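There are 4 protein chains.
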Amino acid sequence: MEEIKDECGVFGIYNNEEAAKITYLGLYALQHRGQESCGIASSDSNNLYFHKSLGLVNDVFKENTLSQLKGKNAIGHVRYSTAGETLLKNAQPLVADYYYGSIAVAHNGNITNARIIKDELEENGSIFSSTSDTEVVIHLIASSAEDLLIDRAINSLKRLKGAYSFLFLSEKEMIAARDPFGFRPLVMGRLNGSFVFASETCALDLINAEYIRDVKPGEVILVNGEGAKSFFPLRLEKNSNCVFELIYFSRPDSIFNGKSIYSLRIRMGKELAKESTPEADIVIPVPDSGVPAALGFSKGSGIDFEMGFTRNHYVGRTFIEPKKSIRHFGVKVKLNPVPDVIRGKKVVVVDDSVVRGTTSKKIVDMLKLAGAKEIHLRLSSPMVIAPCFYGIDTPVKEDLMAAKYTEKEINAQLGATTTRFLSIDGLRRAVGNGINFCEACFSNVYPQEINCESEYENQTQLKLFSKEVF
Amino acid sequence: MEEIKDECGVFGIYNNEEAAKITYLGLYALQHRGQESCGIASSDSNNLYFHKSLGLVNDVFKENTLSQLKGKNAIGHVRYSTAGETLLKNAQPLVADYYYGSIAVAHNGNITNARIIKDELEENGSIFSSTSDTEVVIHLIASSAEDLLIDRAINSLKRLKGAYSFLFLSEKEMIAARDPFGFRPLVMGRLNGSFVFASETCALDLINAEYIRDVKPGEVILVNGEGAKSFFPLRLEKNSNCVFELIYFSRPDSIFNGKSIYSLRIRMGKELAKESTPEADIVIPVPDSGVPAALGFSKGSGIDFEMGFTRNHYVGRTFIEPKKSIRHFGVKVKLNPVPDVIRGKKVVVVDDSVVRGTTSKKIVDMLKLAGAKEIHLRLSSPMVIAPCFYGIDTPVKEDLMAAKYTEKEINAQLGATTTRFLSIDGLRRAVGNGINFCEACFSNVYPQEINCESEYENQTQLKLFSKEVF
Amino acid sequence: MEEIKDECGVFGIYNNEEAAKITYLGLYALQHRGQESCGIASSDSNNLYFHKSLGLVNDVFKENTLSQLKGKNAIGHVRYSTAGETLLKNAQPLVADYYYGSIAVAHNGNITNARIIKDELEENGSIFSSTSDTEVVIHLIASSAEDLLIDRAINSLKRLKGAYSFLFLSEKEMIAARDPFGFRPLVMGRLNGSFVFASETCALDLINAEYIRDVKPGEVILVNGEGAKSFFPLRLEKNSNCVFELIYFSRPDSIFNGKSIYSLRIRMGKELAKESTPEADIVIPVPDSGVPAALGFSKGSGIDFEMGFTRNHYVGRTFIEPKKSIRHFGVKVKLNPVPDVIRGKKVVVVDDSVVRGTTSKKIVDMLKLAGAKEIHLRLSSPMVIAPCFYGIDTPVKEDLMAAKYTEKEINAQLGATTTRFLSIDGLRRAVGNGINFCEACFSNVYPQEINCESEYENQTQLKLFSKEVF
Amino acid sequence: MEEIKDECGVFGIYNNEEAAKITYLGLYALQHRGQESCGIASSDSNNLYFHKSLGLVNDVFKENTLSQLKGKNAIGHVRYSTAGETLLKNAQPLVADYYYGSIAVAHNGNITNARIIKDELEENGSIFSSTSDTEVVIHLIASSAEDLLIDRAINSLKRLKGAYSFLFLSEKEMIAARDPFGFRPLVMGRLNGSFVFASETCALDLINAEYIRDVKPGEVILVNGEGAKSFFPLRLEKNSNCVFELIYFSRPDSIFNGKSIYSLRIRMGKELAKESTPEADIVIPVPDSGVPAALGFSKGSGIDFEMGFTRNHYVGRTFIEPKKSIRHFGVKVKLNPVPDVIRGKKVVVVDDSVVRGTTSKKIVDMLKLAGAKEIHLRLSSPMVIAPCFYGIDTPVKEDLMAAKYTEKEINAQLGATTTRFLSIDGLRRAVGNGINFCEACFSNVYPQEINCESEYENQTQLKLFSKEVF
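Chains as they are written, first to last, in the numbering used here: chain A, 79 to 548; chain B, 79 to 548; chain C, 79 to 548; chain D, 79 to 548.
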């Protein structure tokens, strides 16, 4: 699946001599969640320090930058890319000064009522220097009448709808917060005497931190000199974890709510095999994300697993194409079929999902060209028929292939022999008990009322009066 | 004079097909007013576009950046450098979205009550994303109850104390404003059907614009589709133009209040000669800024003018020094005496001022080393005994040589044969009628009450809770 | 296998309107063969044009650079990295002017008698501006008495010992040559009316060129306006293809001598399973290179295949480590175990080879830490006991783990449960008929006499009198 | 004078703990002699180290680069720019390995028989990796049969015609050499126990080195562990110092053959005044190079000196022009008239020379536009009627204005009131005894026979078979 952009990743550590450096490592482990911009803010009881820039973690941060990010506390952020709109001014953490001092915030998610709150704030004279929905929460904190940061934060969170996993950093305190639905992931760990927060457990693993537990939906955790305190100030809702974290976003070595992402994907593949195993010679994945589901399909169906595609890992941001365009050039830059594996075979090819359908079409074409006898496309997710308002940058409904066509029509358009999606029930069986996931993108039923008309176009960005240019 | 940093320069053009490109040229002509960062914001009736970065105008803006700065209106800014504190977040124009749309502001000057206003705003919940005093004016505009931009701007300006030459840009309008004292310069011109504003006339000259007149102290000019309208909504004060624009900052080919900067400096040199011509063989300038005054001194005294120093124009931002430091290395990187001119001569060396005294000391030492028989240091400004709160980054009082020592003591410390400053009366004679300048730095008497204690340390920056790191 | 550096890749196209652009694409497909520097030289009958730089293909070449590389013929090169010694002056193609015009050369391999030839040339007054063994061949061509380029080239090749796949480009002609042993690969293809040469077929696939055949060992092919002519001027030797191309270097989707690399690796895994299948729960690869062999092992042994490691693909050139080093940090930056897969399991981990043994040790340690019950390390190559003088940058004998220790001792040092290498006979069975490979690194018996003493330290570089500094 | 490009500068120091750093400073002081590329080679008895790049000294060299340039000996080079042809491969010092070790060479000048020697060398099989005439001398040294470097160098120099000031560096020795005509400058100094060589004395001044004497025409100086030895192995010729060093190239604070450049220029201005003082109000220079001559003219004529032009020192390499071109934009970017000084005045404007005449035309136009009543152009050099083959990049004869027109016709074309060049006799008087200068560019009589036809087009570059692309 190439069409859905990654979203964001957050990381924070409290009370560590090398806070900025550890945060840099944590962000590096979360790099798959956002490659466009990244940033770190640190604090040393008196001040906040920050640096952010467009680029990968490893390019943006150097020894001398990290050494200037003083203090024992730090939060960081990696941000996804949306073509043409990736602006330095929207890079996170957002940092601002206000009455009580300074505050930095790193956010994974999407505030669905940001537009409404922003209108109110602007009516009262607030100015906005980014087009990010995240800026509203800083304004809310700044305009809160409460004395303590934790109270100001809680008051502000009560105003928000939508999806958020937040890390806040002040001079002396850190706050982690997760929306009552638990849309986006957030885990908590410990590294000797330091508290650690991260979007995924793979960030804990890299720094040898111990996983404590997931931050709970609706939970707000305050960390300061006296340790960590947990609050549940928000009305609890039905758990609605983003199922695409399980299907696609999270790294296979991460643990989500106690379950291994890798194993969940194996199970999705197995369920998919149960539902729709064709007569075939081999099962191949669309690498890298499709590998575990394809393995699961192989195990479930008994059909041999092969690595039918080679992936080129040196793909840069831009690529110069020859004038006389080479067939399927765009996909071939990243993926190339292994002819010996494909030729003359009945092939099951496993991918995670179909969004716009353009990549799937090219994959089917490439397999044909490589001599596949039959091509059975299997998707380890159900049909995506509705956009996400909770932090994933899916296209609008008109661009979602499955919103417009039936499974059969999709198969015809892609030119495959057969095309089958995992059923929602199959997905539920694969995920098993203990995880209640949000099915909005499959069912068009959203866990929380969305003011669809106004939010539709503004889901990831607020109004764009001023535009930064690069 | 090397110790006083340049300040800032602003430029704006309304209703021009190549607004961003013309602004780029205007900033280029004002580059001597600020070399650390620069930026341009443009508007096309619907949106604001902006780009700003650390660096020189010619490095920051390229053809493709300029082409993205759409629209027929633009304002720009060049900013000075203060070691360690030059931050991208403080680069101008500052741009923000608020209730009525977007606004950009470019500012030359220093708001002396910014701290107080900021405190009030923060108490009411405002957040600040820069440490620049300029941000307060955007907040004031945003929180104004008035309907029209011009009224919101005027309301806001009424709250400000201190020095400002402002250019505001909205989607459809441009506003130029100069504080009632006229501390910082601002001129108005016309380029065919376009209105132009600039800190100095040399920016008009480069683009072949016609000089109309100086924006008057306390004047607010609104430019929109209906043309330009002038307002005088502020209580007028006694004119207090910054005399250091005449002595040092402005380019010699600029016209200030109808008078040629070059000619004024020639007259300063002549007055200086009248007051204190020693018996000497030659007059030499400290280039480049000291050249006109030295020429004037030569004319006034009849002593031969020579270019006794060669200036190296390839000086970069940083310079690697040898370990075993070369004598006077820091100054020699920029200036080198011409031995043949100096050796065995009684030399009058003319510079603009003594601030910390460190550069003057090195100049005297270099002349001694080059074999000067006598060294008569002449300064084309009076003794600087007090810091500036109106936009020039002078050091605190303790670091001002003339605040601590008499002319005689200074001479002894510098090791010159004689050292003489232009008298305040001499300076007045040189400047002549028609320009009333601010003498605060010579007299310690400020035209407007300053809350000295609180402002002292915060003159150019607001409180520094959060620090951007590069 | 992380310790053996990639070597080099070459690409050339003759008679194509977009020669430079196609070469850029070809190099991109060969990027896995060298990431340190790259270059392209083109010709338009009258002149040669070239550009080369340190960096990846996609960073070094931009639209405007490619458009300046005029002409319908081009050759390109990607070069491997050896720490501290990667110099711009050694980047290829090497380009020189000489009596007959200009010549560019791209080389994959190692000339084992370069030192001796260089000494002779220097005695006769030649100067060398690189430390690359490749420069000697240009000198030989320049000093040849023959009139035609093809004769000069052949004369020069007759002097060379060792490994080479060469592409030469003059204003009007291209020459491809492969040493008589066929150490390094070189294939020939066709793209409409253009001739194409490349180190691997995957480069042909990306540009939709048709594979014709491998350039034969000892073959010299001249391409010019009259088409392509084949020559066999060199004494033929026993085929000695580099077996590590099959085991590790070549991309799995490439075809070597008519055989699929992917399938060969599957067979190596199967043979390995035949020889040494332990009682175990799962088989996991060290990604990405170990994947096919691990799959083959799984097929051969019937033990379940799992992706037990996640690979981070955002690894940059340098990485800032925390002061208090994290355990196994160096490997964890690239590879992370999937705990759920490993914990409590008897694990077969398949890698391609053990060179220094440092990475293998870390992999075993990481699996232990992840809770593996038993760790059975299986290598799809025999024990590497001798250095390569034919183009692979293996360490000196003292640093080769298998040169000093038995299989048992290696197992003990690595701390695995069992460690087993594929036997040479097993490797031969896997490779099958039709490919005679060089076994020097396994047997210490070299196909061609090497002047070991003098060549040992100079295998990849000539004497280093002058050192370029970056 | 803007049309003649600077040429080159060389610097060397032997036996200094900070050799590379001192060389960096020396090159910085010589930056006015070449802004396009620069390089340093150092040696530590065993090896040579080098770094070179396009760019200014201060951008190319950083602390960490300098620290890698080990050893107590170093030479450096700054190179001029010629549009489109400035190539990294031609950047100096050129460094090569040969039979006896390594050698680096830095060259200021032009070898007029380089083409002929290159042809011979190529016939004998030499290859060339640059298009610089300097490469031939390395080949000659490498192919010399002598045992000692000094003998090889002398043998090689005997083959050369034309202009050269050379610095050679081997592992243990340094050689300075100046052609028998003394076309290009080269001075020798001492810094404590270190020997120093430089193109101009201003480089000695910056590092506090003591000036010893000029290297004499035809002199070869060997510096090694035993000290410095002087040789005169070449047939001596009539001294023919480049007079344009005096008129234009050298920095005013440099001493040439014992005479101050500044004072020589003053005297040129005085002679010019003697020859052609019009009735006028003011004398103004074209800054910076015309300042001393204009001062001399003022002294000689008694007409008041004024700085009538302001120079913008922030000029970058490229400049974006507005579409509707501003009048005289190209010159205005660098120079702006001070209107108050010019308006209504009879102006003498002093420049160094007229080459193509394009800049002079713009200067006259700008003065007219600024309101000058009369414009008397005075040139402190005679008419340039013939190209230079000795190291200055003058245009071909057809592009030299004075080669095609009389003084009167030039005046008419430029549109000045009067235009007068200094006479050759006047120049001789100004220069005085003790300096015999080359007058080839004024007289078309060359001190050494030139094979005009073949050299004409190849004066600064050898044949361009291969072209590096940026």
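Using N, Cα and C, we set each Cβ at its ideal position, and we do this for glycine too.
The structure displayed is predicted, hence computed values, not measured ones.
Residue contact check for H155 of chain A against chain C: no CB pair falls below 9 Å. For the region 185-219 of chain B, the beta-carbon criterion of a distance under 7 Å to any beta-carbon of chain A is satisfied by E200, E201, G203, S204, I205, F206, S207, I216, H217.
Secondary structure within the region 303-373 of chain A: the alpha helix (DSSP H) runs of 4 or more consecutive residues, fully enclosed, are 339-354 (chain order). Below 8 Å, enough C-beta pairs join the region 496-508 of chain D and the region 449-465 of chain D to call them touching: three or more.
Against A174 of chain D, the close residues of chain C are I205, F206, S207, S544, in the order they occur along the chain (beta-carbon pairs closer than 8 Å). No Cβ-Cβ contact shorter than 9 Å links V411 of chain B with I453 of chain B. Within chain C, the residues placing a beta-carbon under 7 Å from that of Y177 of chain D are E200, E201, ordered along the chain. With contact defined as three or more Cβ pairs closer than 8 Å, the region 100-114 of chain C and the region 223-240 of chain C are not in contact. Boundaries of the beta strand (DSSP E) harbouring E288 of chain C: 288-292, taken from the DSSP string. In this structure, the beta-carbon distance from A220 of chain A to S204 of chain B falls below 9 Å.
Put simply, the backbone Cα of G510 of chain D is about 49 Å away from that of T472 of chain B.
By the CB criterion at 9 Å, D366 of chain D and V433 of chain D fall outside the cutoff.
Apart from the 5 residues on each side of it in sequence, K150 of chain C sits with its Cβ closer than 6 Å to the Cβ of N93, N94, A97 in its chain, given in chain order. At a cut-off of 9 Å between C-beta atoms, S341 of chain D counts as an interface residue with respect to chain B.
Straight across, the Cα-Cα distance linking G260 of chain C with I118 of chain D is about 42 Å.
Taking a Cβ-Cβ cut-off of 7 Å, the neighbours of S221 of chain D in chain C comprise G203, given in sequence order.
Under the three-state reduction of DSSP, S131 of chain B is assigned to strand.
With respect to chain B, the C-beta atom of E384 of chain D has a partner C-beta closer than 9 Å. With a threshold of 16 other beta carbon atoms within 10 Å, F375 of chain D meets it and is buried. Here the region 175-184 of chain D makes no contact with the region 136-148 of chain D; the two share fewer than three CB pairs at distances below 8 Å. Spatial neighbours of V173 of chain B in its own chain (CB-CB distance under 7 Å, excluding positions within 5 residues in sequence) are listed in chain order as A119, L126, F128, S180, A182. Counting along the chain, the unbroken beta strand (DSSP E) around K424 of chain B starts and ends at 424-429.
Proximity of A119 of chain A to chain C, defined by a Cβ-Cβ separation below 9 Å, is not satisfied. Here I463 of chain D carries a coil assignment [DSSP, helix/strand/coil].
According to the DSSP assignment, T472 of chain C belongs to no alpha helix (DSSP H), since it is labelled neither H nor E.
As DSSP reads the structure, L235 of chain B sits in no beta bridge.
The beta-carbon of V425 of chain C is placed no less than 9 Å from the nearest beta-carbon of chain A. For D292 of chain C, no chain A residue has a Cβ inside 8 Å of its Cβ, as the nearest lies near 16 Å away. Counting along the chain, the unbroken alpha helix (DSSP H) around V215 of chain A starts and ends at 213-221. Against chain B, the CB of F139 of chain D has a partner CB under 9 Å away; the residue lies at that interface.
Using a Cβ-Cβ cut-off of 9 Å, E452 of chain A does not count as an interface residue toward chain C, since no Cβ of chain C sits closer than that to its own. Close to E96 of chain D, with beta-carbon spacing below 7 Å, are these residues of chain B in chain order: P400, K401.
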